[in-house]
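Position one of the sequence shown corresponds to residue 1 (UniProt numbering), numbered consecutively onward. Beta carbons are placed, not taken as given, at the ideal position from N, Cα and C, and that holds for glycine.
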Amino acid sequence: MNTRARNAFARMGYSLVSDVLPMELGELLGLPNIGVGTVDLILRALADASANTETMPPSQPNPLAPDTGTSIGDKQQTWWGHSVVEDMSLLASWHAALGVPERPLLGIGLLPGAPSDVIKARQRLEAINSTDVLDPAQYDLDVASLLQNRICELDPRAQLILARRLFADRPQTLDELSRTLDVTRERVRQIEAKARSAMVDSLGRGDTLELVGSTVRDLVGLVLPLTDLLEFLPALGHTVKPVAQPAWRILDRLDDCYEIEDDWCASPTIAGAQSATLTRLQELADHYGVVRLEDIGALNAHQSDAAGRRALRSWLLYCGYTLDGEHVLVKTHSVGDRAAAILSIAGSPMASQEILDRLGVERTLGSLKNAMAADERFERVDRDRWALAEWGLQTYGGVRALLREEIARGAGQVALEDLIERITGRYSVTASSVVAYANAAPFETKAGVVRLAITDRYVRKSPERTRRLFRHDSQWSYRITVTKEHLRGSGSVAPVAIASLLGMQHGETRHLNSDLGPQSVSWVGPQPTFGTIRRFLIAQDFEIGSEAMLALRDDGSFHIEHVVARGTDPLEQALALAGITSAEGLKAPHVALARAILLPENSPAVSIIGGYRERGDEDIADLLTLAKDRLEHVSGARQSEPSVADIDEILRLL
Numbered sequence: 001m002n003t004r005a006r007n008a009f010a011r012m013g014y015s016l017v018s019d020v021l022p023m024e025l026g027e028l029l030g031l032p033n034i035g036v037g038t039v040d041l042i043l044r045a046l047a048d049a050s051a052n053t054e055t056m057p058p059s060q061p062n063p064l065a066p067d068t069g070t071s072i073g074d075k076q077q078t079w080w081g082h083s084v085v086e087d088m089s090l091l092a093s094w095h096a097a098l099g100v101p102e103r104p105l106l107g108i109g110l111l112p113g114a115p116s117d118v119i120k121a122r123q124r125l126e127a128i129n130s131t132d133v134l135d136p137a138q139y140d141l142d143v144a145s146l147l148q149n150r151i152c153e154l155d156p157r158a159q160l161i162l163a164r165r166l167f168a169d170r171p172q173t174l175d176e177l178s179r180t181l182d183v184t185r186e187r188v189r190q191i192e193a194k195a196r197s198a199m200v201d202s203l204g205r206g207d208t209l210e211l212v213g214s215t216v217r218d219l220v221g222l223v224l225p226l227t228d229l230l231e232f233l234p235a236l237g238h239t240v241k242p243v244a245q246p247a248w249r250i251l252d253r254l255d256d257c258y259e260i261e262d263d264w265c266a267s268p269t270i271a272g273a274q275s276a277t278l279t280r281l282q283e284l285a286d287h288y289g290v291v292r293l294e295d296i297g298a299l300n301a302h303q304s305d306a307a308g309r310r311a312l313r314s315w316l317l318y319c320g321y322t323l324d325g326e327h328v329l330v331k332t333h334s335v336g337d338r339a340a341a342i343l344s345i346a347g348s349p350m351a352s353q354e355i356l357d358r359l360g361v362e363r364t365l366g367s368l369k370n371a372m373a374a375d376e377r378f379e380r381v382d383r384d385r386w387a388l389a390e391w392g393l394q395t396y397g398g399v400r401a402l403l404r405e406e407i408a409r410g411a412g413q414v415a416l417e418d419l420i421e422r423i424t425g426r427y428s429v430t431a432s433s434v435v436a437y438a439n440a441a442p443f444e445t446k447a448g449v450v451r452l453a454i455t456d457r458y459v460r461k462s463p464e465r466t467r468r469l470f471r472h473d474s475q476w477s478y479r480i481t482v483t484k485e486h487l488r489g490s491g492s493v494a495p496v497a498i499a500s501l502l503g504m505q506h507g508e509t510r511h512l513n514s515d516l517g518p519q520s521v522s523w524v525g526p527q528p529t530f531g532t533i534r535r536f537l538i539a540q541d542f543e544i545g546s547e548a549m550l551a552l553r554d555d556g557s558f559h560i561e562h563v564v565a566r567g568t569d570p571l572e573q574a575l576a577l578a579g580i581t582s583a584e585g586l587k588a589p590h591v592a593l594a595r596a597i598l599l600p601e602n603s604p605a606v607s608i609i610g611g612y613r614e615r616g617d618e619d620i621a622d623l624l625t626l627a628k629d630r631l632e633h634v635s636g637a638r639q640s641e642p643s644v645a646d647i648d649e650i651l652r653l654l
């Protein structure tokens, strides 16, 4: 029969078969810790014993069974010890009889052909658990209860100090405890030190608590999730009532061999384990700082493979590393480092957005592109695809560079249709982009053939005929509407007339002085562009949708001005859109409006309106049309006033 049945009989004082035979089935079922399954085993064991007794002659005892007679256990020794000895003796006798006395009794499989008695003895030995061995009063003595007993051996003041200071989540100060206990700070410190020493000593008495401590240290290893530790040793999660903390917290605060923090167990400390992890990763990383997770190995030898993989990923994230699929990034000091690592993992060119999505940090697409463009580790191999330079792929220099290559390959010229087919077939460039570049400096397209232009690009529009560009005293002002892209730091397109004002040729970049640092204006694409003006907009608190004047001063400096609308008056609104804010301009609006587009000062109102409309400033022209009568009145009054020269001439004639 199994050990549970033997345990139940021993507690009832039954040691002989004769003690059991008179019992009815209901009485058996009523025994403590006895179920239907156990009763079934008892009945089978009694039946087996009866059958063996009938078939074996009295003078020839069964050599494979111990000499037990009718005794279930020896009253002079613990019943389970006697049972274990019986079963061990049976196994040992059988091994010796077979000529293999050195063979282990447990831990390996039974020899082939083992008889049923041997099999049952082996099964009984393997089924023994704590409840079969311990007295029922000892069943509940788990680690939490043992720690509780040790703490209760201390005086009440020591227990309170341990609960509120050594084992607390937020330890109280010595001052707070001294006021609570009405003793000095030094006395609190002394009591705490003595109590801690007593608890530490209690873990080294060579008893069960010391064994538990050793088990925890072995399980923790270098790193182990607290959840896994509690799964291995559930009693560590039980509360130690005097200090209202789980048992693992008590052991952690008393044992300096490991630390438990943020749901992680680490040896000797969390910081120490993180340092060891970094060292290991640096040993495994390639020159891009990439490590395959499978190369790192198990985080803890006691975990299953699946649990170990999950714990490793969680631990690396806790340590602050970036994971990319089944890889960890060790070298992440810059955006370039991260991008290089991601490309090395991918093994093939990637689009900027694809890299950004896997970067692991918050960055804009523009900043990523700028970082890769300035880093020799990268090559742009398409309009928006990047590769590692070490791959040796053909570099993409932009549509303009492709046009130069094709023109050179075609001995100075190439058909536009062929150009479109070649470029769009190799790169993600649209046909319209090829056409636009083929018709922009430094190229020209005539009769469907593209070649390098013989002369520099001719600036078709002069500044005075360019929409939104106005002359004010010693500067030219270009009006823009502030957009989200401006505030994000993007550059913006400028009219070709801006390049003309700055004396720029295609391919050049100028830097204008300003109070907030140099402002760039470049002409490397089909249109000139202003560099980012974000710092000016933020400094002057511009909002999206507001109007601003980008001023190019004659001294080569740059600044930005607000465009302030003046109520609902059409003439005042027109003056504001043209950037006219001076007192003189407001006093003589028709003169200021004419000067702004380089018309003669005495131009009639109809000429001023026509001049703005021809430039494309329809908004200003429409407002001036609404205020035409007032504009003509002011203009006519000024023209009717005799000039000083006229008066002098009249006086001379007299």
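- According to the Cβ coordinates, are leucine 110 and arginine 122 closer than 8 Å? yes
- Three-state secondary structure (DSSP) of glutamine 519: strand
- Query: Would you call the region 218 to 229 and the region 298 to 313 touching, i.e. three or more CB-CB distances under 8 Å?
  - Reply: yes
- Task: Would you identify the three-state DSSP class for residue 690, choosing helix, strand or coil?
- Result: In the structure as shown, the chain starts at 1 and stops at 654, and residue 690 therefore has no counterpart that could be examined.
- Helix, strand or coil: how does DSSP classify asparagine 513 here? strand
- Take the Cβ of isoleucine 544 as the centre, count every other Cβ of all protein chains shown within 10 Å, and call the residue buried at 16 or more, exposed below. exposed
- Pick helix, strand or coil for proline 156, following the three-state DSSP scheme. helix
- Message: On the criterion of 16 or more Cβ atoms from any shown chain inside 10 Å, does aspartate 252 qualify as buried, or is it exposed?
- Response: buried
- Message: Along the chain, where does the beta strand (DSSP E) containing glutamine 475 start, and where does it finish?
- Response: 475 to 481
- Message: Using only CA atoms, which one of Ile533, Arg409, Ser178, Arg363 lies nearest to threonine 481?
- Response: Ile533
- Query: In this structure, what does DSSP give as the bridge partners for alanine 273?
  - Reply: None, per the DSSP bridge assignment.
- Item | phenylalanine 470 in three-state terms, based on DSSP | strand
- Query: Whose C-beta lies closer than 7 Å to the C-beta of glutamine 394 among residues of the same chain, with five residues either side of it excluded?
  - Reply: Val381
- Item | Reduced DSSP secondary structure (H/G/I, E/B, other) of glutamine 282 | helix
- Query: How about leucine 219 and glutamate 210: do their beta carbons lie closer than 8 Å?
  - Reply: no
- Please list, in chain order, all residues of the same chain as leucine 230 whose beta carbon is under 6 Å from its beta carbon, the five residues on each side excluded. Leu236, Gly237
- Query: Ends of the alpha helix (DSSP H) at arginine 535?
  - Reply: 534 to 539
- Message: Going by DSSP, what residue range makes up the alpha helix (DSSP H) through histidine 486?
- Response: 484 to 488
- Are the region 411 to 424 and the region 384 to 394 touching by the rule of at least three beta carbon pairs closer than 8 Å? no
- Which residue's Cα is closest to the Cα of glutamate 572: Gly525, Glu614, Ala621? Ala621
- Item | Selection from Gly360, Thr509, Pro463 that minimises the alpha carbon distance to valine 335 | Gly360
- Whether glutamine 505 touches leucine 552 by CB criterion (8 Å): no
- Item | Inter-residue CB distance, alanine 594 and serine 582 (contact presumed, cutoff 8 Å) | With 8 Å as the limit, alanine 594 and serine 582 do not qualify as a contact, their Cβ atoms being about 14 Å apart.
- Query: Taking the continuous alpha helix (DSSP H) assigned at glutamate 421, which residues delimit it?
  - Reply: 416 to 426
- Chain-order list of residues whose beta-carbon lies under 7 Å from that of residue 657 (same chain, five-residue window excluded): Because the chain here runs from 1 to 654, residue 657 falls outside it and cannot be looked at.
- Task: Using a threshold of 8 Å, state whether the C-beta atoms of leucine 147 and isoleucine 250 are closer than that.
- Result: yes
- Query: Taking all protein chains shown into account, do 16 or more other C-beta atoms lie within 10 angstroms of the C-beta of cysteine 152, making it buried, or fewer, making it exposed?
  - Reply: exposed
- Short check: CB of arginine 165 to CB of proline 156, under 8 Å? no
- In chain order, what residues of the same chain have a beta carbon less than 7 Å from the beta carbon of threonine 445, not counting five sequence neighbours either side? Leu416, Ala438, Asn439
- Item | Alpha carbon of aspartate 554 to alpha carbon of arginine 488, nearest angstrom | 29 Å
- Query: Mind checking whether valine 133 and leucine 91 have CB atoms under 8 Å apart?
  - Reply: no
- Task: Locate the beta strand (DSSP E) running through threonine 322, then write down its first and last residues.
- Result: 322 to 324
- Query: Under three-state DSSP, which class holds arginine 103?
  - Reply: coil
- Query: Applying the criterion that 16 or more other CB atoms from any shown protein chain within 10 Å of the CB defines a buried residue, is arginine 426 buried or exposed?
  - Reply: exposed
- Query: So, do the region 190 to 200 and the region 264 to 283 have three or more beta carbon pairs nearer to each other than 8 Å?
  - Reply: no
- To which residues of the same chain is alanine 351 closer than 6 Å at the C-beta, ignoring the five residues directly before and after it? Asp384, Arg385
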